[in-house]
DNA sequence: GAGCTGACGCCTG
DNA sequence: CCAGGCGCCAGCT
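Residue numbers (the working numbering): -12 to 89.
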């Protein structure tokens, strides 16, 4: 079991209508400081549809990377449709942040 | 094995 | 509120 697999597993657990931050995933993977590495894994994302990397956002709710491209508006709506609350161009973490239940 | 890079996060100015 | 800098970790060259 590599750190990488652990990250994908946690990401896959993000429920519909909620989002998690890179740092949160990193913490679940037992490495609170590895948020950056998490981003690298999301970029690679070998489990495309299986791992909802679009539900992973920055610590302040900003949609970086995957969303930074021309798909930004579309992805934003997709999350919005899932029930994620947006506050301007960022996710309202106070309401849509995934509540870890382990 | 060494060095560079990045879908991050937090602190300062 | 915006910009810049530093530390973190894993993957690739």
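Idealized CB from N, CA, C, for every residue including glycine.
Can you tell me whether DSSP reads residue 50 as helix, strand or coil?
On the first chain, residue 50 is found 63 positions in, with the first residue counted as 1. If DSSP states are grouped into helix, strand and coil, residue 50 belongs with coil.
May I ask which residues mark the beginning and end of the alpha helix (DSSP H) holding residue -1?
Position 12 of the first chain, counting from 1, holds the residue named residue -1. Segment -10 to -1, the alpha helix (DSSP H) holding residue -1.
Can you give me the C-alpha to C-alpha distance between residue 48 and residue -12, rounded to a whole angstrom?
In the first chain, residue 48 corresponds to position 61, counting from 1. In the first chain, residue -12 corresponds to position 1, counting from 1. Cα to Cα, residue 48 sits roughly 29 Å from residue -12.
Contact between the stretch 74 to 86 and the stretch 17 to 29 (3+ Cβ pairs under 8 Å)
Between the stretch 74 to 86 and the stretch 17 to 29, the count of C-beta pairs closer than 8 Å stays below three; the two stretches do not touch.
Tell me whether residue 68 is buried or exposed, calling it buried when 16 or more other Cβ atoms sit within 10 Å of its Cβ.
Within the first chain, the letter at position 81 stands for residue 68. Taking all protein chains in view, the Cβ of residue 68 is surrounded by fewer than 16 other Cβ atoms within 10 Å, so the residue is classified as exposed.
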